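Notes to accompany the following structure.
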């Protein structure tokens with residue numbers, strides 16, 4: 001939690017207890033402070049491949065799905081065969097961050113999950129653990145694999161860059177934009193509430209790629225300049 005949020009909560013508690021009459025943190029103009037974000041760097045493909053190879057089949061498939069579709073971890077873990085429309089090549093996501101279901105294509109400028117989903121079961125959990133059940137804590141399982149891979153690569157002096165599960169989503173979004181995909185469609189695909197959130201990926205583009213996204217992108221069928 002940031003210091004500003006911590007101060008605001010403390011002051012709100014003081015108001016509730018009657019120690020003060022108002023929370024000055026709520027009246028502070030936050031627009032004068034620019035939010036600082038670390039630059040987004042997609043994971044090294046070789047490192048991703050090494051981690052997948054070290055994962056159990058179910059976890060490896062989840063990572064592959066995240067890489068090819070850009071969905072969030074919890075969305076992939078909870079996916080069932082009933083959520084996949086093979087005829088339309090679409091995935092219906094029910095457990096989303098905003099609690100609002102959305103439908104995404106599995107073939108996009110950012111990736112292609114056809115080979116993976118065509119082999120997946122048509123009913124039940126798509127990518128279960130070794131006991132045939134959905135992963136309850138995929139992040140913890142992933143962390144264990146990551147530590148083993150890092151230790152092995154260090155012992156064998158193999159180049160390896162650590163990455164988070166969420167970085168696969170970042171890599172997908174960057175590939176989408178670099179391939180010329182529309183940023184507004186990407187925003188809807190990722191489930192962002194605003195395209196402003198999606199614009200964090202623009203920093204990973206070259207000048208030419210950025211120019212194409214900013215001047216040739218479409219929003220609801222209307223060309224923007």
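Residue numbers (the working numbering): 1 to 225.
Just so you know, even glycine gets a beta-carbon here, dropped at the ideal spot from N, CA and C.
Fair warning: this is a prediction, and the values are worked out from it, not measured in the lab.
For residue i, count the other beta carbons within 10 Å of its own beta carbon; 16 or more makes it buried, fewer makes it exposed. Which is it?
i	result
residue 68	buried
residue 154	exposed
residue 204	buried
residue 18	exposed
In the DSSP output, which residue or residues are listed as bridge partners for residue i?
i	result
residue 114	Answer by DSSP bridge pairing: none, since residue 114 is not bridged.
residue 85	90
residue 161	Partner(s): none; residue 161 has no beta bridge.
residue 125	80
residue 108	111
Below 8 Å on the Cβ atoms is my contact criterion, and I expect residue i with residue j to pass it. Report the Cβ-Cβ distance as a whole number of Å.
i	j	result
residue 48	residue 138	Rounded, the Cβ-Cβ distance is 16 Å, inconsistent with contact.
residue 42	residue 171	4 Å
residue 106	residue 114	7 Å
residue 56	residue 122	Not really, about 21 Å apart at Cβ, beyond 8 Å.
residue 80	residue 126	6 Å
residue 24	residue 10	Actually they are not in contact, since the Cβ atoms of residue 24 and residue 10 sit about 11 Å apart, beyond 8 Å.
In terms of residue numbering, what span does the alpha helix (DSSP H) encompassing residue i cover?
i	result
residue 104	Counting along the chain, residue 104 falls outside any alpha helix (DSSP H), though it belongs to the beta strand (DSSP E) covering 102-105.
residue 152	138-155
residue 191	From DSSP, residue 191 is part of no alpha helix (DSSP H); its letter is neither H nor E.
residue 197	195-198
residue 62	57-69
residue 50	45-54
Determine the extent of the beta strand (DSSP E) in which residue i is found, giving its start and end residues.
i	result
residue 90	90-93
Using C-beta distances below 6 Å, list every residue in its chain close to residue i, excluding the 5 sequence neighbours before and after it, in chain order.
i	result
residue 168	66, 67
residue 218	Its pLDDT being 48, under 50, residue 218 is placed unreliably by the model, and the measurement read from it follows with that caveat. Counting only Cβ-Cβ distances below 6 Å, and skipping sequence neighbours, we find 182.
Between which residues of its own chain and residue i is the CB-CB distance below 8 Å, once the five residues before and five after are set aside?
i	result
residue 98	191, 193
Residues in the same chain with beta-carbon distance under 7 Å from residue i, minus the five sequence neighbours each way, listed in chain order, please.
i	result
residue 180	109, 212
residue 195	183, 184, 187
residue 102	93, 96, 191
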